[in-house]
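Here's the structure we're looking at; comments come further down.
Number of protein chains: 2
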Amino acid sequence: MDADDSSGSPRRIKSIQTASALLEAIQYLETPTFTDLCNEVEISKGTVHTYLETLENEGFIAKSGSEYQLGVRLVTMGESVRNQTDIYRAGQDEVEKLAEKTGEWVHLTVECQGQEVTLYESSGDRAIAMDYHLRMRESPQYLYHTAAGKAMLACFDRDRVRDLVNRQGFVQRTEKTITDLETLFAELDQIQTQGYAVNDEEEVRGMRSVGTAITGPDATVCGAISVTAPTSRLSGDYFESEIPELVMEAANIIEVNLETAGVEKPR
Amino acid sequence: MDADDSSGSPRRIKSIQTASALLEAIQYLETPTFTDLCNEVEISKGTVHTYLETLENEGFIAKSGSEYQLGVRLVTMGESVRNQTDIYRAGQDEVEKLAEKTGEWVHLTVECQGQEVTLYESSGDRAIAMDYHLRMRESPQYLYHTAAGKAMLACFDRDRVRDLVNRQGFVQRTEKTITDLETLFAELDQIQTQGYAVNDEEEVRGMRSVGTAITGPDATVCGAISVTAPTSRLSGDYFESEIPELVMEAANIIEVNLETAGVEKPR
DNA sequence: ACGCGAGTTTGGTATATACAAACCTATATG
DNA sequence: CATATAGGTTTGTATATACCAAACTCGCGT
């Protein structure tokens, strides 16, 4: 549905776009059947069939019985991506340490095509809401929904932020979700001055998080790290200064790790 | 190089095969440049360019500077696959428990297109050789190279095994690697009777493992679980009976979990 | 036995693909 | 400073190929 034809003509391979749409549909529909997929995309049965056969053959999808699902090859590829991403290697240990220290969920995320993708996560012993976090790993999040995401947005050029938001629109998840550009910009300014972002039940009711951006040696944003916990446990001074302190410290160490290791920015 | 044209005509989308080859090349070459890729595949520069543009646009790859690498979208997709695979959900806890009990590496793997893919792994506190295991997660292994793989092979029809081996050939990794069909078949028979497989430095010198297959409710193989440790620590009675016992127990529990949960076999 | 829906195969044609060659744009070289 | 060279991008075009439609097969419920 998204015409990317910016009038000119950056040539594209249509079959890849179609395949991509099918993969996305399969991921989205969980375990669709052949007809489910035919209904989802506007392509003839025969063609869909050929695509699915090909994708299965290449290991991108797998058919179990009459249901399709993404193939195991993607696990391998995903793992590859992680291991090649510097921020993952540089940050893994810190994430685990922070999770242990706080006892809560800690996420290491990066921005990808205007959304937030979780590269690594670790749960402390008090961490809750497994299901939510499971789902979060599976699907990218809007940057303005999360603390880590907002921390990254704050580092972007405001024009770029405007651009993103225009393309994505504001999806309201709770009554506290940011739903207009002014509020967002005001908050981004604040984040920039205080050095960290908070998410106060803006994505899930009863959940708060504190996040901060991780910048590479060339001052570009590489990703972000965040701590998430139920509002009951994350409040007062702990929420307003202790946790931010810990999060920023961790981010700082990761930045140093990045600096010393061979460096490349993701994206 | 793999002609899948069984003369007949299962129609395929050629562009997807090409894209797949490019992705594989990118994964294999780590962070290739444009020209690297042109050399790797036999396609004209212009065409490669169009493919890469499309793949980047769809999030399958990312260009950082002049280097290409697999895109972050694949992380998300891979995570999706894991979470949808019953054996992952059913086995995760047991893998962790086993890792804690033994203090060594524990792997949960499945078969995919005749190779072994790691779905989940956990390292006990004595586990070593991180680099090796990192690499293992990234690239599928030959089934006859590992304990878990052989355990799965033992459950297959022998004709299917012959088929696989004919297609893959025997790649010798150490002087103990199995390199002929008779030896393999003999060992598979033994595995079937004793209920578990061992890998005695057949893949990496100084490394042993013990693995066993996990079968679903419909008696098909879903995957396998294995413990890996240095030969020095894995020997004598511990190697020959204690560990096998633990591994089989874990597999058994996972099978029960599979039985009780909603069930689907991967692949 | 029959009909029906889900899934697969086939023919023909519009078109997307892939080559080649021209074209840029930086970086090395005389 | 001019020129050469390599890395990368764009364009025209013949042809392979992807796509639709319609025919077909298979399995299931009645």
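First to last, the sequence lines map onto chains A and B. If you're matching positions, the first sequence starts at 1 in our numbering and goes up one per residue. If you're matching positions, the second sequence starts at 268 in our numbering and goes up one per residue. Glycine included, every Cβ here is placed at the ideal spot set by N, Cα and C.
Interface annotation for the stretch 312 to 332 of chain B against chain A: T317, Y318, E320, T321, L322, N324, E325, G326, A329 and S331, criterion Cβ-Cβ distance under 7 Å. Listed in chain order, the alpha helix (DSSP H) runs fully inside the stretch 322 to 409 of chain B are 340 to 351, 353 to 369 and 397 to 405, counting runs of at least 4 residues. With fewer than 16 other beta carbons inside 10 angstroms of its own, A/T231 counts as exposed.
Between B/W372 and B/T527, the CB-CB gap reaches or exceeds 8 Å.
A/Y88 sits buried, since 16 or more C-beta atoms from the chains shown fall within 10 Å of its C-beta.
If you check each beta-carbon in the stretch 164 to 179 of chain A against every beta-carbon of chain B, none falls closer than 9 Å. Ranked by Cα distance from B/V523, the first of B/F506, B/I481, B/N306 and B/V377 is B/I481. Under the Cβ distance rule, B/L401 counts among the residues neighbouring chain A, one pair being separated by less than 8 Å. A/T118 sits away from A/E203, with the two beta carbons spaced by 8 Å or more.
Listed along chain B are V342, each with a C-beta nearer than 7 Å to that of A/L119.
Each residue's CA atom was taken as its position, placing B/V465 and B/P407 some 19 Å apart.
With a threshold of 16 other beta carbon atoms within 10 Å, B/D447 falls short and is exposed. For the 8 Å CB-CB criterion, A/I26 and B/S282 do not form a contact.
The three-state secondary structure of A/G211, taken from DSSP, is strand. A direct Cα-Cα distance of roughly 12 Å separates B/A329 from A/Q84. By the criterion of at least three beta-carbon pairs nearer than 8 Å, the stretch 415 to 431 of chain B is in contact with the stretch 470 to 479 of chain B.
Using a 10 angstroms sphere on the CB of B/A421, the tally of other CB atoms reaches 16 or more, which defines it as buried. Counting along the chain, A/G223 sits inside no alpha helix (DSSP H); it lies in the beta strand (DSSP E) bounded by residues V221 to P230. If you draw a straight line from the Cα of A/A99 to the Cα of A/E30, it is about 30 Å long. Within the stretch 214 to 246 of chain A, not one residue has a Cβ closer than 9 Å to any Cβ of chain B.
Counted as a single uninterrupted DSSP element, the alpha helix (DSSP H) harbouring A/D159 occupies residues R158 to Q168. Per DSSP, reduced to three states, the secondary structure at B/V514 is helical. In the three-state DSSP reduction, B/D456 falls in the helix class (H, G or I).
Interface with chain A (8 Å Cβ-Cβ cutoff): B/G338 is included. Counting C-beta atoms within 10 angstroms of its own C-beta, A/D86 has 16 or more neighbours from the protein chains shown and is therefore classed as buried. Within 9 Å of the CB of A/C112, the CB atoms of chain B belong to G326, A329, G338, V339, R340, V342 and T343, in sequence order along the chain.
Taken atom to atom, the span from the alpha-carbon of A/H49 to that of A/T35 is near 10 Å. Contact annotation for B/Q294 against chain A: M77 and S80 [CB-CB distance below 7 Å, chain order]. CA-CA distance, B/E363 to B/S389, rounds to 6 Å.
Counting along the chain, the unbroken beta strand (DSSP E) around B/A464 starts and ends at A464 to D467. In the three-state reduction of the DSSP assignment, A/T146 falls in the coil class.
Excluding residues up to 5 positions away in sequence, K176 and R208 lie with their Cβ nearer than 7 Å to the Cβ of A/D200 in the same chain. Think of a sphere of 7 Å around the beta carbon of A/R126: no beta carbon from chain B falls inside it, the nearest being about 18 Å out. B/L455 places its beta carbon 8 Å or farther from that of B/G381. Under the three-state reduction of DSSP output, B/T446 falls in the coil class, being neither helix nor strand. Per DSSP, the continuous alpha helix (DSSP H) segment holding B/Q294 begins and ends at K281 to Y295.
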